[in-house]
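Everything on this sheet refers to the single structure shown next.
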């Protein structure tokens, strides 16, 4: 396997995983291991298929998914996509801020007399005061114009994720019991997994930069690797959390909240994960900023516009953190709404448009790296039938997850 393929596989997988290893064990334990395995397999399979559809219709010169959508579906849907991804990146920032503040708050509480995390107060050191300090520290990074040096840092800091996986396996191997099945609220897990397997926006810049001849294989391996890691942390995490409750005053959002906070390894792991997420936030803000000004067609925004956006972004992050919004709700609704649109509806729309409603000559861009054009092939009845069946199944999964999330609201 070439170096280019390895870069594609691990970058795509690492981009999807993020902070999932410390959140998923809680959900596997809460909703049952069987539910976790079944829903993760279904969502992984369908997300991988639609990611391969994106790869099929991607041109090498297109460095972002919005340009693929613009070429195939038109500028209006590109504008809609930019609006959706602005909301998506803002939601991702809220998720990361809540997780990072939750991690570091438990460490600080060991040394400072602090209010419980779920108590809103300013009379003593609290979760809200921590949020204000944290956002003020992050704020200068939101004004960075060139984030190239920052792009390499999260990959080095991902050592924390590896240590978290090792910690989960170690703790899980010491517990003999597990929660196999729970039938409550079947909408949460598929919604969460739609976000956990959302690699579509990331795969396009990877495809434009890498020269691998086995791009489809690389995408499939990345999804298999991600699925495997999720099952490992889900299985051992379910063992580790069996009949455990969060430590006093903690939210229980991550698996680390269920173990004594004075343990040295838990403290080190929380600090490392906090650093990893904090390094990722300026990158998320930068991408959201690009999408925001692309939405308003502002190619060269003035400095004061960048400053206003950065302050607004920081304020939104702070507001959500201070409200101590339920992390499970935020992740599941983001996955159900944004995940359904980006991972299901848009790729299938691109496929249908290119295959059945494209009057121009079709070029298989990923098979022929030239300007050669191919005549449209006549599509047989069976091909249409199976194509409609496959697209129907994928769309029905996306709609089902979206509808179930609001039914079980």
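Residue numbers (our numbering): 7 to 415.
Glycine included, C-beta positions come from ideal geometry on N, C-alpha and C.
The model shown is predicted, which means the values in this text are computed figures rather than measured ones.
For residue 304, the number of other beta carbons within 10 angstroms of its own is below 16, and it is reported as exposed.
The stretch 172-183 and the stretch 237-248 touch, with three or more beta-carbon pairs separated by less than 8 Å. Minimum Cα-Cα distance from residue 359 among the listed residues 36, 59 and 15 corresponds to 59. Contact between residue 229 and residue 50 is confirmed by a C-beta separation of about 6 Å, below the 8 Å threshold. Close CB contacts of residue 207 within its chain, under the 6 Å cut and outside five residues either way in sequence, are with 71 (chain order). Two segments are said to touch when three or more pairs of C-beta atoms, one from each, lie closer than 8 Å; by this definition the stretch 24-40 touches the stretch 189-203. Just so you know, the alpha carbons of residue 302 and residue 264 end up roughly 45 Å apart. Relative to the Cα of residue 30, the nearest Cα in the group 45, 117, 120 and 212 belongs to 45. Under the three-state reduction of DSSP, residue 268 is assigned to coil, being neither helix nor strand.
Within the same chain, 131 come within 6 Å of residue 118 by CB-CB distance, once the 5 residues on both sides are set aside. Exposed is the label assigned to residue 82, since fewer than 16 other Cβ atoms lie within 10 Å of its Cβ.
Of all C-beta pairs linking the stretch 66-80 to the stretch 202-217, three or more are shorter than 8 Å, placing the two stretches in contact.
Burial is judged here by how many other beta carbons sit within 10 angstroms of a residue's own beta carbon; residue 257 has at least 16 and is buried. CA-CA distance, residue 283 to residue 331, rounds to 18 Å. Within a 10 Å sphere around the beta-carbon of residue 387 sit fewer than 16 other beta-carbons, which makes this residue exposed. Here residue 174 is not near residue 307, since their CB atoms are 8 Å or more apart. Three or more Cβ pairs closer than 8 Å define a contact, and the stretch 392-403 falls short of that threshold against the stretch 315-328.
In the DSSP annotation of this structure, the continuous segment of the alpha helix (DSSP H) that includes residue 99 starts and ends at 81-114. Each of 412, 326, 363 and 57 was checked against the Cα of residue 141, and the nearest Cα belongs to 326. The beta-carbon separation of residue 346 and residue 255, rounded to 36 Å, does not stay under the 8 Å limit for a contact. When DSSP states are grouped into helix, strand and coil, residue 402 belongs to the helix group.
If you compare the alpha carbons of 53, 317, 412 and 277 with that of residue 354, the shortest gap goes to 53.
Taking C-beta separations shorter than 6 Å and ignoring five residues to either side along the sequence, the partners of residue 240 in its chain run 30, 34 and 42, following chain order. A Cβ-Cβ distance of about 5 Å is found for the pair residue 112 and residue 267, placing them in contact under the 8 Å criterion. Going by beta carbons, residue 204 and residue 337 fall outside the 8 Å limit. Secondary structure within the stretch 245-312: the alpha helix (DSSP H) runs of 4 or more consecutive residues, fully enclosed, are 270-301 (chain order).
Nearest C-alpha to residue 252 among 87, 171, 129 and 108: 108. Residue 164 sits in coil when the DSSP states are folded into three classes, being neither helix nor strand.
A residue is called buried once 16 or more other Cβ atoms fall within 10 Å of its Cβ, and residue 68 is buried on that count.
Per DSSP, residue 41 is one residue of the alpha helix (DSSP H) stretching across 39-62.
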